[in-house]
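Here's the structure, in structure tokens; my notes come after.
Residue numbers (the numbering used here): 0 to 497.
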């Protein structure tokens, strides 16, 4: 493909992307294909001779698009919001057009300097302390692939620091703390690094938030047994329920355990702190006071196309001490002088993508005001849904709504105090049937979860094209499906008041 052929193909690609978004409202949310469908249409080996590009582009429309789940669909309420803005698409195009591995400043000064700049922009947008700014020269931020990578990097840094300050500690005695509602990133970090992971229990009466007392007891128990807890992965906005760990209580406990690194995972919820009214409930003051590292994903609820996980650390030296590997061929005059950031020492890989271009395009295009307006709008849409659930006679919230997430289930209200309530087992059976009906549809997508033995359903708002009418349509659909589920359900256990 020469330059002019590329120009023609590029124009067509943009036209087709625009047509896709015009048609998105009328598409099913969930793909209707069956497992293995693509092997029926594509050869099992690469072609020996190059093919005409128009045929390839048409095959994308014919075979790939039908196999997509449309995360940007206005009736997509599953998992978490995933950003896809036109600004991000254009930035991605520019970034890939000048492929720069960005492993040190010399390899691409713009990649390094823009990342340092926009990470400070993002930190200030969220209200993070100046201690986390790259401009501080001590702390700083960098763009990672996902929150799982950000957590893994933080665990590596925390382990390195702990071993420096406790040289007699054995690797097999080190323990990562998570909670029973922490994302799987905690367990995965333990698997990758060969470290023990202890999940601290959180309770429904505490809204699935980690309490300080639970942490204190665990620390005392492990220390008596010779274990060495060295990091706690606390969460602001858990995946299942949107729970926020009790950082004020955790801060009080950590004062007596200064060797415990606190990593705050705010993967989907952290961007809500761009709105000042959300900062207190997200414990921003405590994050600024004592967190060692903080992560949020702008590629979820933050309008920036995947991938764009932002990680800040209070002391960058803890990262570079753990991850700095500089062979002669990577040395440079500026790097040796310490006058530039070499971001390869802030993550596991050597090369890195030009992710900062996306963040720069989006923040400039929307502005802080537009960014906050989007966050507030989606929170208001979730409140519309939560208000509907609160007035329903058959649906009930399992836990209070958290920002743009609500968790609910069928729980028919009793008409009189003498009416026997359904047992937990019976309600779980009924709600599994209810979710089965919802998941069989292709015009809406929600996801399920289990909260301390309670089967329930998540409703996450965040698609940029979701409007009030889509929320109302979802409410009507869920009410109808709930009634049908109740009619079709046959209890297999004795109904009681458990």
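Heads up, the beta-carbon is just placed ideally off N, CA and C, and yes, glycines get one too.
A distance below 8 Å between beta-carbons, with the five flanking residues on each side excluded, links residue 107 to the following residues of its chain, in chain order: 99, 100, 101 and 353.
Taking a cut-off of 8 Å on C-beta distances, the segment 386 to 396 does not touch the segment 293 to 301, as fewer than three cross pairs fall below it. Per the C-alpha coordinates, the member of 480, 399, 472 and 154 positioned closest to residue 409 is 480.
Note on residue 91: 16 or more other CB atoms within 10 angstroms of its CB, so buried under the neighbour-count rule.
Beta-bridge annotation (DSSP): residue 174 is paired with 195 and 228.
Comparing alpha-carbon positions, the option among 23, 53, 442 and 428 lying closest to residue 5 turns out to be 53. For secondary structure counted as the beta strand (DSSP E) over 3 or more consecutive residues, the segment 211 to 294 holds these complete runs in sequence order: 227 to 234 and 260 to 264. For residue 446, the uninterrupted beta strand (DSSP E) segment begins and ends at 446 to 450. For residue 470, the closest alpha carbon among the candidates 31, 224, 236 and 386 is that of 386. Looking only at 124, 140 and 125, the smallest Cα-Cα distance to residue 131 is reached by 140. When only Cα atoms are considered, residue 229 and residue 64 end up about 46 Å apart. Going by DSSP, residue 398 is part of no alpha helix (DSSP H) but of the beta strand (DSSP E) stretching over 394 to 401.
DSSP, read as helix, strand or coil, puts residue 71 in coil. In terms of Cβ geometry, residue 80 and residue 299 form a close pair [threshold 8 Å]. As for any beta strand (DSSP E) of minimum length 3 sitting wholly inside the segment 138 to 176, the runs are 139 to 143, ordered along the chain. Residue 404: member of the beta strand (DSSP E) spanning 404 to 409, first to last residue. If you draw a 10 Å sphere on the C-beta of residue 25, you find fewer than 16 other C-beta atoms in it, and that means exposed. Listed in chain order, the non-local C-beta contacts of residue 285 below 6 Å within the same chain comprise 246, 247 and 250, local neighbours out to five positions each way being set aside.
Excluding its 5 nearest sequence neighbours in each direction, residue 331 has C-beta neighbours in its own chain below 7 Å: 103, 104 and 105, listed in chain order.
Taking C-beta separations shorter than 8 Å and ignoring five residues to either side along the sequence, the partners of residue 373 in its chain run 302, 365 and 463, following chain order.
Setting aside the 5 residues that flank it on each side, residue 362 is surrounded in the same chain by 117, 120, 121, 124 and 370, each with a C-beta closer than 8 Å to its C-beta; the list follows chain order.
A straight-line Cα-Cα distance of about 39 Å links residue 177 and residue 468. Counting C-beta atoms within 10 angstroms of its own C-beta, residue 190 has fewer than 16 neighbours from the protein chains shown and is therefore classed as exposed.
Looking at the DSSP output, residue 309 shares a beta bridge with 142 and 295. Here the alpha carbons of residue 259 and residue 226 stand approximately 13 Å from one another. Taking the CA atoms as reference points, residue 144 sits about 21 Å from residue 316.
Assigned with DSSP and collapsed to three states, residue 459 falls in strand. Counting every other CB atom within 10 Å of its CB across the protein chains shown gives residue 72 a total of 16 or more, marking it as buried. In the displayed model, residue 469 falls within a helix according to three-state DSSP.
By the CB criterion at 8 Å, residue 357 and residue 314 fall outside the cutoff. Beyond the five residues adjoining it in sequence on each side, residue 319 comes within less than 8 Å, by CB distance, of 344 and 345 in the same chain, given in chain order. Three or more Cβ pairs drawn from the segment 447 to 461 and the segment 426 to 433 lie within less than 8 Å of each other, which places the two stretches in contact.
The three-state reading of DSSP puts residue 453 in strand, counting E and B together. Here DSSP, grouped into helix, strand and coil, assigns residue 324 to coil. Measuring C-alpha to C-alpha distances from residue 84 to each of 150, 34, 17 and 142 identifies 17 as the nearest.
Between residue 128 and residue 277, the C-beta gap is not smaller than 8 Å, which leaves the two residues out of contact.
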